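Counting in UniProt numbering, the sequence shown runs from 1 upward without gaps.
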Amino acid sequence: MKFSTEEFCRWLDGFANFEQVPKPDRFTLEGIRNLAEMFDNPQNTYKSIHLAGSKGKGSTSTMIASILDVAGFQTGLYTSPHVCDFRERVSRAGVFFSDAEYAEAYARIHEKITAKQNKDSDFAPTWFELVTLLAFELFKECGCNWAVFETGMGGRLDATNIIQPEACVLMPIELEHCKFLGDTLAKIAAEKAGIIKEGCPVFCFDQQEEALQVFKTVAEQKHAPFFYLPELITKTESSIAHFERKVCIHFNAATKPGSLFARPLSVNLKLLDEFQIKNAALAAAAVKYLLPELSEEIIEKGLAQATLPARFEVVQKEPLIVVDGAHTKNSIAGTLATFLSIAPEKFILLFACAEDKSSEEFAPLFLNHAAEIFLTIPGVFKKSNFERTRKAFLNTFQNEPSCPIHADENFSLIIRQAFEKSKTEKRPLLVIGSFYLAGEVKRALPQLAQKD
């Protein structure tokens, strides 16, 4: 039986989803190990790179996969969440596999899982375990040489954490998913550090000291070479023109990764946010360390080709409309800074965030920048606390009567109103706060365009 992506997703929805039923004590690697064994451990048939962190995983994963792809390797890429299309999660370096390849993998997964369910009433894999299994299996069957895996949440008990990677990459840590990962940076860092394997090199983004010490300690315990990004680069230069970020990265020749580069990297990134400069540097350093024979030209071409949805995605240039899935305080602040560097005038804000996010921290970021604000929920697939978000913005902007705030849980209505206001007033529009909101906006774009 062949499945379309839509049919496979409907089948997947029948499995336990911890977005809806939080049970922290349920998380374990036993389930994914058993699933992988049913398929002869496909994750061991190719080399892999593993990423964990609070932000920047998707961009950096995509950059690494793009470099490997340009170098001629068949490269699988596993990221989350998807914005519009489920296949975004499991791709060939950001490009979809063929319909036939997906269909065959869907059928294999469905057949074996259904047979197991019929024999064992206690067999209850989770939604994320099955999607991870799909990535393991699809990458094997499509002949991947390399695969890049981004954790879904945490690291130590994440379903991706049964791979044996060639390198681990640790992105910035922030307070997130505290119900599951802990309520301090150190506790969260300890969970993320769970991806570090014995002797496996670790490439670490800039961190707050509390998190950095945890990572260094775990790496030392695992005899894992530890490379810290601020020590790997001496300087970076960048400018934005024609909706690309021109970047020059100078590596520190006194470090092992840095000494492998014959010259600085010079590249035009399609990913515009300023923090993408360091993402690119970390991706380049990790790949160059693993594959020192790769030329600077190949690495530059890979970085230049890297794109992914809802990462400062310019969906319209006049007036400027940007859709971004940023959902932590620092990532929202970074995206806002880039947005203002391109469009410094006051803008229309379309915002929603998930239930576990702090609207009270987010709202002040937009003071003195927003001309009008539209608040809603992040769609039907993500829980939110709409009333908390509404109150946070009303309280923050109570002394700015010139900035109207519109709030409605009907996200389709609010999206339409925000776009109409941007068009009427010829003001820039920033959509931000949730990948799920970004997805709803992207799905609505064809209808919104028809109204022009």
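C-beta: ideal position from N, C-alpha, C; glycine also. All of these numbers come straight from a predicted model, not from anything done at the bench.
Query raised in the report: Would the stretch 144-153 and the stretch 71-80 be scored as touching if the rule is three or more Cβ pairs under 8 Å?
Result: yes
Query raised in the report: Taking N368 as the reference, which of P378, K382, R388, L336 has the closest Cα?
Result: Minimum Cα distance to N368 is reached at L336.
Query - Under the three-state DSSP convention, the category R156 falls into - result: coil
Query raised in the report: I think V202 touches L68, with their Cβ atoms under 8 Å apart; what is that distance to the nearest whole Å?
Result: That pair is no contact at about 19 Å.
Requested in this report: Could you tell me the boundaries of the beta strand (DSSP E) in which V202 lies?
Outcome: 202-204
Report task. Return the residue from the list K383, K140, A281 that minimises the CA-CA distance to C204. Result -> It is A281.
Query - Check whether I377 and A352 have beta carbons under 8 Å apart - result: Cβ distance < 8 Å, so I377 and A352 count as in contact.
Report task. Pick helix, strand or coil for R427, following the three-state DSSP scheme. Result -> coil
Query - Option in V315, I298, L260 with minimal Cα separation from P292 - result: Between P292 and the set V315, I298, L260, the nearest pair of CA atoms involves L260.
Query raised in the report: Are at least three pairs of beta-carbons, each pair with one atom in the stretch 325-335 and one in the stretch 101-108, less than 8 Å apart?
Result: A contact is defined here as three or more CB-CB pairs under 8 Å, and the stretch 325-335 fails this definition with respect to the stretch 101-108.
Query raised in the report: Under a Cβ-count criterion, where at least 16 other Cβ atoms within 10 Å of its own Cβ denotes burial, should H242 be classed as buried or exposed?
Result: With a 10 Å radius around the Cβ and a threshold of 16 neighbouring Cβ atoms, H242 comes out exposed.
Query raised in the report: First and last residue of the alpha helix (DSSP H) that includes C9?
Result: 5-12
**Report entry** E400 - DSSP class collapsed to helix/strand/coil
**Finding:** If DSSP states are grouped into helix, strand and coil, E400 belongs with coil.
Query raised in the report: Exposed or buried, which one is R263 when buried takes at least 16 other CB atoms within 10 Å?
Result: exposed
Query raised in the report: Would a C-beta distance cut-off of 8 Å place A159 and F123 closer than the cut-off?
Result: F123 sits away from A159, with the two beta carbons spaced by 8 Å or more.
Report task. Look at E166 and L272 and say whether their C-beta atoms are less than 8 Å apart. Result -> no
Query raised in the report: For A52, does the count of other Cβ atoms within 10 angstroms reach 16, so buried, or fall short, so exposed?
Result: buried
Query raised in the report: How close, in whole Å, do the beta carbons of K47 and N145 come, if the pair is a contact with beta carbons under 8 Å?
Result: Right, the Cβ-Cβ distance comes to about 7 Å (below 8 Å), so this counts as a contact.
Query raised in the report: Thinking C-alpha only, which one of C84, L175, F15 is nearest T114?
Result: F15
Query raised in the report: Which term fits D324, buried or exposed, when burial requires 16 or more other beta carbons within 10 angstroms of its beta carbon?
Result: D324 sits buried, since 16 or more C-beta atoms from the chains shown fall within 10 Å of its C-beta.
Query raised in the report: So H327 and A354 are in contact, right, with Cβ under 8 Å, and what is the actual spacing, rounded?
Result: 7 Å
Requested in this report: Can you give me the Cβ contacts of K140 inside the same chain, cut-off strictly under 6 Å, excluding the 5 residues immediately before and after it?
Outcome: Excluding sequence neighbours, K140 sits near P42, T45.
Query raised in the report: Can you check whether the CB of S59 is closer than 8 Å to the CB of R311?
Result: yes
Report task. Answer yes or no: the CB of A219 versus the heavy atoms of the ligand COA, is any distance below 7 Å? Result -> Ligands displayed in this structure: none; no statement on the ligand COA is therefore possible.
Requested in this report: May I ask you to report which of helix, strand or coil DSSP gives K47?
Outcome: strand
Report task. Spatial neighbours of I109 within its chain, please: CB distance less than 7 Å, with the 5 preceding and 5 following residues excluded, ordered by chain position. Result -> Hits under 7 Å: L130, L133, L134, E137.
Query raised in the report: Taking Cβ positions, are A306 and K270 nearer each other than 8 Å?
Result: yes
Query raised in the report: Cα separation between I415 and A189?
Result: One C-alpha to the other measures close to 36 Å.
Query raised in the report: With E210 and L185 assumed to form a contact (beta carbons below 8 Å), what rounded beta-carbon distance in angstroms separates them?
Result: 4 Å
Query raised in the report: Mapping DSSP to helix, strand and coil, what is K357?
Result: coil
**Report entry** Residue-chain proximity (P165, chain B), Cβ-Cβ < 8 Å
**Finding:** In summary, chain B is missing from the structure at hand, where a single protein chain is found.
Query raised in the report: Around the C-beta of L413, are 16 or more other C-beta atoms found within 10 angstroms, so that it is buried, or is it exposed?
Result: exposed
Query raised in the report: Looking at C-alpha atoms only, which residue of F86, Q276, E297 is the closest neighbour of C9?
Result: F86
Requested in this report: Out of E345, Q316, V431, state which residue places its alpha-carbon closest to the alpha-carbon of A449.
Outcome: Q316
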